[in-house]
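Counting in the working numbering, the sequence shown runs from 2 upward without gaps.
All residues carry an ideal CB built from backbone N, CA and C; glycine is no exception.
Quick caveat: nothing in here was measured; it's all calculated off a predicted structure.
Here is the structure we will look at, set down as C-alpha cells.
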Amino acid sequence: MTLRIGCIADDFTGGTDVAAAFRRAGLRTALVFGVPDAGTRLPADCDAAVIALKSRSTPAKEAVEESLAAQRWLWSKGAAQVYFKYCSTFDSTPQGNIGPVSDALLDAAKAPITLACPASPPNGRTVYQGHLFVHDQLLSDSPLRHHPLNPMTDSSLPRLLAAQTEHQVGLITLPTVRGGVDAVREALLAHERHGVRHVIADAVTDDDLAILGAAALELPVVTGAAGLAEGLGRAYPTSGNATSEPQPTGGRAAVLAGSCSARTLEQIAQFYAAGLPSLHLDVLAAAAGRDVAAEALAWYDAQDPDQPVLIYASASPEELAAVQAQLGVAEAAAKVEELLGTLAVHFVTRGVRRLLVAGGETSGAVTTALDISTVLVGEEADPGVPWTYTGDLALMLKSGNFGAPDLFVRALKEAR
Ligand code: ADP
2 MTLRIGCIAD
12 DFTGGTDVAA
22 AFRRAGLRTA
32 LVFGVPDAGT
42 RLPADCDAAV
52 IALKSRSTPA
62 KEAVEESLAA
72 QRWLWSKGAA
82 QVYFKYCSTF
92 DSTPQGNIGP
102 VSDALLDAAK
112 APITLACPAS
122 PPNGRTVYQG
132 HLFVHDQLLS
142 DSPLRHHPLN
152 PMTDSSLPRL
162 LAAQTEHQVG
172 LITLPTVRGG
182 VDAVREALLA
192 HERHGVRHVI
202 ADAVTDDDLA
212 ILGAAALELP
222 VVTGAAGLAE
232 GLGRAYPTSG
242 NATSEPQPTG
252 GRAAVLAGSC
262 SARTLEQIAQ
272 FYAAGLPSLH
282 LDVLAAAAGR
292 DVAAEALAWY
302 DAQDPDQPVL
312 IYASASPEEL
322 AAVQAQLGVA
332 EAAAKVEELL
342 GTLAVHFVTR
352 GVRRLLVAGG
362 ETSGAVTTAL
372 DISTVLVGEE
382 ADPGVPWTYT
392 GDLALMLKSG
402 NFGAPDLFVR
412 ALKEAR
C-alpha cells in the first residue's frame, strides 16, 4: 500500500479538521493519534494519512523530534509529500513552533523551498499582501490579539515566520496566484534562485488555494491550514477509494462532552430542548470521592436504549471558574478527563456504537482511554467534523467551537 500524501498536524482537533479536508478532496484518509510505532497499521487502500500531534505549544526541540519521527513513518508508508498543518490563525509562540518544525522537515527531505499559506476561507481566514485576516479584521485587531496562550499582535506572516527561522522568507501575492498554476510555479522558482526558503502565498478563496495546491504538488514539504491541504488534495488524481468506508449499523448512540466552549454549550442546550436524556456530571462531588461514574452508568442503564444520551461535564463560565477555584485548573481538568474516559470505556462495553466527543483535550482523553490509535475518516456532519471509524465503532471528535448548534441531535438521529 502506498500513500499519496502524509500530513503532520500540530494539534489533535486540527488533525481531524485537515483529515476531513483531504477526504473532501476525494482522498481515502486515515487519522493517527500520536507518533505511530513501526507496527502501527493503516486501514487498507488509504491515499492520505494524518498524524495528529500535540506539538503546537510544546518546547520547539520536542515538537521537531516528534514531527521528524512522524515524517519518517509517513515516508515508510510511501508518502512522497508531507504536509505540515498548523492553525489558520498561525497560532504559535514568537520562537515557534511553525518555523523550527518546517525547517526540520525541509532539512530532512533535502528540499530547498516550501509554500506556506494558512488561509481557510470558509472560516474567514484569508491572506492578502502577506497579512492574515480573520473575517474583516487583521489578525492583530481580532480577538486572537487576546489569546490566553499565544496572543497574536502582528498580522504580517512574512514577519511572523522570519522571527522563527534563520532562512529567508518570501511572498507570492494575489495577482500572481490569480495568474494561475504556471505563474505560481515560476514565482517559486524565482524565489528559489534568490535563496528564499519559505514562500508565503496570498489566498482569499478556495479557488486560489486550488491553484496553489496544483503548483505545490511536486514539493516534498508544504505547510498551512486545512484550506491548502484541500487544494493540494484536489490536485491529486482521485483513487475513488474515499467513499468506501464501512457504515456502522445498530448499537446505542451517546455524546460525552467536556468542552466548555460557547458552541458546545449551545449544542447541549439543543439536545436537552429536543427532549433527549442528558446528565450533568458533578465534578466537585467526584473530587470529594463520590463514585460519580458509577452513578452516571446507573442513570445510563435506566435510559431507553433507542434514544441517544448525553453525559457532560461542560460548565458555564461561572460554574467553571467556581470549580477551578476550588480544585485548581489542572486538577479539575484531570478529574473531568478521567471521568469521561472511564464512561467511554463502559459505554463501548455496553454496546454504544456511535460516540460523539466534544472538546479537543476531552477527545484526547477518550481515545487514550479506549486505546484507539488509528481511525478511518468518513463523511462530515458539519465542516471539519467528520465521523471516523475504527472496528465497529463510529466516533466523532469535535473541537469545542466546531459544528452547528443542532449537531448533537442531527448527528445521532440515525441511531434513534
Ligand atoms: P475545547 O475544544 O472547547 O477547548 P477541551 O476538551 O479541549 O475543549 O477543553 C475543555 C477543558 O475543560 C478540559 O480540560 C476539561 O477537562 C475541562 N472541564 C470540562 N468541564 C469542566 C468542569 N465542569 N470543571 C472544570 N474543568 C472542566
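Note on Ala50: 16 or more other CB atoms within 10 angstroms of its CB, so buried under the neighbour-count rule.
Beta-bridge partners of Arg126 (DSSP): Ser121, Val135. Checking the 7 Å criterion, the Cβ of Leu321 is within range of a heavy atom belonging to the ligand ADP.
Beta-bridge analysis with DSSP links Ile9 to Ile52, Phe85. Restricting attention to Leu377, Leu213, Ser58, the CA atom closest to the CA of Pro119 is found in Leu213. Secondary structure in the region 242-324: the alpha helix (DSSP H) runs of 4 residues or longer, each lying completely within the stretch, are 263-274, 284-288, 293-302 in chain order. In this structure, DSSP gives Phe34 an extended state, which the three-state scheme calls strand. Secondary structure note for Gly100: its alpha helix (DSSP H) is the uninterrupted segment 99-110. Around the beta carbon of Gly181, a 10 Å sphere encloses fewer than 16 other beta carbons of the protein chains shown; the residue is thus reported as exposed.
Leu213: member of the alpha helix (DSSP H) spanning 207-216, first to last residue.
Here His147 carries a helix assignment [DSSP, helix/strand/coil]. Here Asp208 is exposed: its Cβ has fewer than 16 other Cβ atoms, across all protein chains shown, within 10 Å. Proximity of the beta carbon of Val324 to the ligand ADP is indicated: a heavy atom of the ligand is located closer than 7 Å. Taking 7 Å as the cut-off, the C-beta of Val337 counts as close to a heavy atom of the ligand ADP. Leu328 and Leu285 have their C-alpha atoms roughly 8 Å apart.
Between Leu280 and Ala297, the C-beta gap is smaller than 8 Å, which places the two residues in contact. Counting every other CB atom within 10 Å of its CB across the protein chains shown gives Lys336 a total of 16 or more, marking it as buried.
Under the DSSP assignment, Asp183 falls outside any beta strand (DSSP E), being part of the alpha helix (DSSP H) whose first and last residues are 182-194. Just so you know, the alpha carbons of Thr375 and Gly365 end up roughly 13 Å apart. Burial of Arg253 is indicated by the presence of at least 16 other C-beta atoms within 10 angstroms of its C-beta. For Ala345, the enclosing alpha helix (DSSP H) has its first and last residue at 330-350.
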